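**Student:** Just so you know, we're using this note's numbering here: the sequence shown kicks off at 8 and counts up by one.
Cβ atoms here follow ideal geometry from the backbone N, Cα and C, with glycine treated the same way.
What you are looking at is a predicted structure, and each value in this text was computed from that prediction instead of being measured.
Dropping a structure here in structure tokens format, bear with me for questions.
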Amino acid sequence: MNKTIRRVSVFTLLLVFALLIRATWVQFYEGQALADDSDNRRNVIETYSEPLGNIIVAGKAITGSARTTDSDLAYKRTYTNGKLYAAVTGYASQAYAPTQLESIYADLLNGTDSRLKTVMDTVTNQRAEPGDVVTTIDPAVQKAGYDALGDKKGAAVAIDPTTGKILAVVSTPSYDPSSLTDANTAGTAWKKLNADADKPLVNRALRQPLPPGSTFKLVVAAAALEDGLYSSVDEKTDSPDPYTLPGTVTKLHNESASAPCENASIRVALQYSCNTVFAKMAVDLGQDKVKAMAEKFGFNDQEQDVPVRAYASVFPSDMNQSSTALSGIGQYDVTATPLQMAMVSAAIANGGKLVSPHMVSTITDSGGDVLKNYDNETTTTQILSSGTAEQLQSAMQTVVEKGTGTNALIDGVTVGGKTGTAQHGENNSQVPYAWFTSYGKADGKQIAVAVLVEQSNAARSEVSGGGLAAPVAKAMMEAALK
């Protein structure tokens, strides 16, 4: 054979072998990765080839699936009362990655979760019937919070202190997830929502920590009682008024110059929301002890899954004494979500026991058989002594009965709470944030609620936790307990 022809033949044979090796590699090693690629449209076609499973609230589906007529995607997601429940469900979109519960349980809801497969599904390699997600949400509490917030920019979270069940997750302004489900129209809605200065796609209840202001005083009070700095909520404190921040000439004042804050007890200091008392108390305790107590309540937890991952609420480290003082009144670099502040009230209301919060009760297969029961997987941690919890409950009741939280009073219900008005912007140039964290008890039932009003139509001088946030909490507690 001609030498040149022989070399060409060998080279051609090597090319054939290379192609065979590459084809084998793609088929057996890279095949799954290619199949799972988010840009592979076959996956979207498969996902929406059949109706999805549903998200359930109080026994009723708040999601559904509708047949399409002008697409190779046979079905699209639909939502009932979409704006009301958007902070719970998130969205499942033909065009964009899913969010919230739609994302976490995507495999369950589209039938690809291995736990759904029957023997016949395995044999035929068919997609299983999709499962459902059963939430802990109470529709009456959810609606009460949503309606009470109205056109305000804000959020609210309600928890059952004894079980950890999240009864409401509200974020306003909201959006209709249905506007994002259809690939043909989602782009326009997406641009509009992202251009909105009020950021309706942000889940303010779980994923936007902001300064908690005076609601954080509950954490400082808990640290002082547990540490023994003060033996009772009625013991007088060592608290000058005004209080000069350590290492500075800056004097910290109270909101009301006539409030009896000088050397006030914890009860009185919570009742009148005395900045001077809790700033001095934080310095006397030291930042490490305040931080340790904050972390018991859930601050600085980078893996707070409910099961949606909440952004961490933060209590900072490495502060000087003046910054520590400001942290004691929920300012400086302290931040919290409404979820976190609801957890504070829940633990106090539950005798010092913090039950891990969750908003999914069970997940089921298409026949309703339970695949996983989250209600049975909660953890309970005694973070405060029962005595400290009882004292703080008593002091919080005083806030509502005689202090800054009277707008949360409910006939026939034991209510405790703490207001907060957090400074915002350089030199407090922006409208403050209004907070209220509370609990209610009646007829053997309990609820803990935290409300944040980020912005409203109220005049700056009228912005307060008691004026704006407490009525929202009251409405939610009434819905749960009356």
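Using C-beta distances below 7 angstroms, list every residue in its chain close to VAL200, excluding the 5 sequence neighbours before and after it, in chain order.
**Tutor:** As a first step, residue 200 must be located in the sequence shown, where it is residue number 193. Inspection of the sequence shows that residue 200 is occupied by Leu rather than by Val. For LEU200, where only same-chain residues beyond five positions count, the Cβ hits under 7 angstroms are TYR182, PRO207, LEU208.
**Student:** Using alpha carbons as the reference points, say which of ALA135, THR125, LEU108, GLU109 lies closest to THR119.
**Tutor:** As a position in the sequence shown, residue 119 is number 112, starting the count at 1. Closest in alpha carbon position to THR119, among ALA135, THR125, LEU108, GLU109, is ALA135.
**Student:** Comparing alpha-carbon positions, which option in ALA343, LYS172, GLY472, TYR339 lies nearest ALA65?
**Tutor:** Here residue 65 is taken as the residue at index 58 of the sequence shown, counted from 1. Residue LYS172 is the option with its Cα nearest to ALA65.
**Student:** So is ASN282 buried or exposed if we call it buried at 16+ other beta carbons inside 10 Å?
**Tutor:** Counted from its first residue, the sequence shown places residue 282 at position 275. Looking at its Cβ environment, which holds 16 or more other Cβ atoms inside 10 Å, ASN282 is buried.
**Student:** Determine the direct distance from the alpha carbon of SER72 to that of LEU277, and round the result to whole angstroms.
**Tutor:** Position 270 of the sequence shown holds residue 277. Position 65 of the sequence shown holds residue 72. Answer to the nearest angstrom: the Cα atoms are 50 angstroms apart.
**Student:** If I follow the unbroken alpha helix (DSSP H) through GLN294, where does it start and stop?
**Tutor:** Translated into the one-based positions of the sequence shown, residue 294 becomes position 287. Counting along the chain, the alpha helix (DSSP H) containing GLN294 begins and ends at 294-304.
**Student:** Just reading off the beta strand (DSSP E) that ARG74 is part of, what are its end residues?
**Tutor:** Stepping through the sequence shown from its first residue, residue 74 is reached at position 67. Start and end: 70-74.
**Student:** For GLY38, which residues from the same chain have a beta carbon less than 7 angstroms from its beta carbon, with the 5 sequence-adjacent residues on both sides left out?
**Tutor:** If you number the sequence shown from 1, residue 38 lands on position 31. Annotation note: pLDDT 49 at GLY38 (below 50); position unreliable, coordinate value reported separately. In its own chain, leaving out the 5 sequence neighbours on each side, no residue places its CB closer than 7 angstroms to the CB of GLY38.
**Student:** Run through the DSSP bridge pairs and tell me what ASP245 is partnered with.
**Tutor:** As a first step, residue 245 must be located in the sequence shown, where it is residue number 238. Beta-bridge pairing links ASP245 to no other residue.
**Student:** Select from LYS481, MET326, THR371, ALA175 the residue whose C-alpha is nearest the C-alpha of LYS425.
**Tutor:** Within the sequence shown, residue 425 is the residue found at index 418, counting from 1. Nearest of LYS481, MET326, THR371, ALA175 to LYS425, Cα basis: LYS481.
**Student:** Tell me whether GLN101 is buried or exposed, calling it buried when 16 or more other Cβ atoms sit within 10 Å of its Cβ.
**Tutor:** Counting from 1 along the sequence shown, the entry for residue 101 is found at position 94. So GLN101 ends up on the buried side.
**Student:** With distances taken between CB atoms, is the gap from GLN338 to LEU232 smaller than 8 angstroms?
**Tutor:** Reading the sequence shown from its first residue, position 331 is the one you call residue 338. Reading the sequence shown from its first residue, position 225 is the one you call residue 232. No; because the gap between Cβ atoms is not below 8 angstroms, this pair is not in contact.
**Student:** According to DSSP, is SER393 helix, strand or coil?
**Tutor:** In the sequence shown, the residue the question calls residue 393 occupies position 386. In this structure, SER393 counts as helix in the three-state DSSP scheme.
**Student:** Quick one: Cα of GLN400 to Cα of GLN309, how far?
**Tutor:** Sequence index remark: in the sequence shown, residue 400 carries index 393 (1-based). Sequence index remark: in the sequence shown, residue 309 carries index 302 (1-based). Approximately 28 angstroms, taken between the alpha carbons.
**Student:** In terms of DSSP beta bridges, what is ASP139 paired with?
**Tutor:** Taking the sequence shown and counting its residues from 1, the one referred to as residue 139 is at position 132. Residue pairing by DSSP puts ASP139 in a beta bridge opposite THR371.
**Student:** Taking just the CA atoms, how far does LEU91 sit from SER392?
**Tutor:** Locating residue 392 in the sequence shown gives position 385, where the first residue counts as 1. Locating residue 91 in the sequence shown gives position 84, where the first residue counts as 1. Between SER392 and LEU91, the C-alpha separation is close to 38 angstroms.
**Student:** Under 8 angstroms between the Cβ atoms of GLY194 and THR179?
**Tutor:** What you label residue 194 is simply residue 187 of the sequence shown in a count that begins at 1. What you label residue 179 is simply residue 172 of the sequence shown in a count that begins at 1. Cβ distance not < 8 angstroms, so GLY194 and THR179 don't count as in contact.
**Student:** The alpha helix (DSSP H) spanning THR444 covers which residue range?
**Tutor:** Residue 444 sits at position 437 when you count from the first residue of the sequence shown. Unbroken run through THR444 is the beta strand (DSSP E), 440-449; no alpha helix (DSSP H).
**Student:** Which residues mark the beginning and the end of the alpha helix (DSSP H) in which GLN328 is found?
**Tutor:** Working through the sequence shown from its first residue, we reach residue 328 at position 321. Where GLN328 is concerned, the enclosing alpha helix (DSSP H) stretches over 328-334.
**Student:** So, at 7 angstroms on beta carbons, what are the nonlocal neighbours of ILE390 in its own chain, with the 5 sequence-adjacent residues on each side left out?
**Tutor:** Position 383 of the sequence shown, counted from the first residue, corresponds to residue 390. Result list for ILE390: LYS303, PHE304, ALA354, GLY359, LEU361, in chain order.
**Student:** According to DSSP, is SER272 part of a helix, a strand, or is it coil?
**Tutor:** The count along the sequence shown starts at 1 and reaches residue 272 at position 265. If DSSP states are grouped into helix, strand and coil, SER272 belongs with the strands.
**Student:** Measuring alpha carbon to alpha carbon, tell me which residue in PHE306, ASP234, SER463, LEU346 is nearest ALA175.
**Tutor:** Looking up residue 175 in the sequence shown gives position 168. When only C-alpha atoms are compared, the closest one is LEU346.
**Student:** DSSP three-state label for ARG49, please.
**Tutor:** Walking along the sequence shown from the start, residue 49 turns up at place 42. Helix.
**Student:** ASN380 bridges to which residues according to DSSP?
**Tutor:** In the sequence shown, the residue the question calls residue 380 occupies position 373. The partner list for ASN380 (beta bridge, DSSP) reads THR369.
**Student:** By Cβ distance, which residues of its chain are closer than 7 angstroms to ILE417, with the 5 residues on each side in sequence left out?
**Tutor:** Taking the sequence shown and counting its residues from 1, the one referred to as residue 417 is at position 410. Excluding sequence neighbours, ILE417 sits near GLY447, LYS481, MET484, GLU485.
**Student:** In three-state DSSP terms, what is LYS360?
**Tutor:** For the purposes of this step, residue 360 is taken as residue 353 along the sequence shown, with counting starting at 1. Reduced to three states, the DSSP call for LYS360 is strand.
**Student:** Quick check: ALA94 and ALA204, are their CB atoms within less than 8 angstroms of each other?
**Tutor:** Sequence index remark: in the sequence shown, residue 94 carries index 87 (1-based). Sequence index remark: in the sequence shown, residue 204 carries index 197 (1-based). Against a cut-off of 8 angstroms, the Cβ pair of ALA204 and ALA94 comes out as no contact.
**Student:** Mind checking whether the beta-carbon of VAL422 lies closer than 7 angstroms to any heavy atom of the ligand FMN?
**Tutor:** In terms of ligand content, the structure shown is empty, and the ligand FMN therefore cannot be addressed.
**Student:** Below 6 angstroms CB to CB, which residues in the same chain sit around LYS379 once its five sequence neighbours on both sides are set aside?
**Tutor:** Position 372 of the sequence shown holds residue 379. Closer than 6 angstroms at the Cβ level, and outside the excluded window around LYS379, lie ILE370.
**Student:** To the nearest angstrom, how far is it from the Cα of SER265 to the Cα of SER280?
**Tutor:** As a first step, residue 265 must be located in the sequence shown, where it is residue number 258. As a first step, residue 280 must be located in the sequence shown, where it is residue number 273. If you take the alpha carbons of SER265 and SER280, they lie about 12 angstroms apart.
**Student:** Would you check if the distance between the CB atom of THR428 and the CB atom of SER463 is smaller than 8 angstroms?
**Tutor:** Taking the sequence shown and counting its residues from 1, the one referred to as residue 428 is at position 421. Taking the sequence shown and counting its residues from 1, the one referred to as residue 463 is at position 456. Against a cut-off of 8 angstroms, the Cβ pair of SER463 and THR428 comes out as no contact.
**Student:** Could you have a look at GLU461 and say whether DSSP puts it in helix, strand or coil?
**Tutor:** Counting from one through the sequence shown, the residue named residue 461 turns up at place 454. GLU461: strand per DSSP, three-state reduction.
**Student:** So VAL297 and GLY335 are supposed to be a Cβ contact under 8 angstroms. How far apart are they, rounded?
**Tutor:** What you label residue 297 is simply residue 290 of the sequence shown in a count that begins at 1. What you label residue 335 is simply residue 328 of the sequence shown in a count that begins at 1. Indeed they touch by this definition, with Cβ atoms about 7 angstroms apart.
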